[in-house]
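Residue numbers for the sequence shown follow my numbering, so the first one is 1 and each next one is one higher. Where a beta carbon is used, it is the ideal one built from N, C-alpha and C, also for glycine. Before any comments, here is the structure.
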Amino acid sequence: MSGILKKYGKHLASFAILAILLVPLAVGAQTLGNTVSGENSQLGKSQLGTTFGANTDQNALAKMIGAGVNVVLGMLGLILVVLIIYAGFIWTTAQGDSKKVDKAKDMIKQAVIGLIIVFAAYAIAQFVMINLANVASGNTTG
């Protein structure tokens, strides 16, 4: 294993640095510009509501819970994808060792099952949050 790191370590480090530098370009996030430092800055005022701490949205709690669920499920999905990649790395570096190959196959199988569960949980959570928002707003039509 150390031979692989010695052989490909510089390439892997270069790729990682390049990826870190290029990811913000792919995201396409908007820069703040002068909105923070201006005298008439409106940054954050629309989130305050009518008075400080007051929220005019009736579905705010459901939206916050939904956002929290989405973050947790997204992190779980990311962990499972990384686990699949790691298992693939173990499989490719097994060098004919059947124990390592079997371990990698089991890891991939378990991670795929986990991903299916995470996707199902995401679908169920979205269904519940949409229907909860409809009931809270009084919109009960199909």
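Legend entry - Three CB pairs or more closer than 8 Å across the segment 119-132 and the segment 65-79: Yes, since at least three Cβ pairs between the segment 119-132 and the segment 65-79 fall closer than 8 Å, the two stretches touch.
Inset, instruction - Pull up the CB-CB distance for Val101 and Ala111, whole angstroms please, since I reckon it's below 8 Å. - result: In fact, because the Cβ distance is near 16 Å, the residues do not count as touching under 8 Å.
Inset, instruction - Return yes when the Cβ of Ala87 is within less than 7 Å of the Cβ of Ile144, no when it is not. - result: Nothing about residue 144 can be read from this structure; the chain reaches only from 1 to 142.
Inset, instruction - Report yes if the C-beta distance between Ala13 and Ala62 is below 7 Å; otherwise report no. - result: Their beta carbons are not under 7 Å apart, which means Ala13 does not touch Ala62 by this criterion.
Inset, instruction - For Ala67, count neighbouring Cβ atoms within 10 angstroms of its own Cβ and tell me buried if that reaches 16, exposed if not. - result: Counting every other CB atom within 10 Å of its CB across the protein chains shown gives Ala67 a total below 16, marking it as exposed.
Legend entry - For Ile90 and Lys103, believed in contact at Cβ under 8 Å, the rounded distance: So it is a contact: roughly 7 Å between Cβ atoms.
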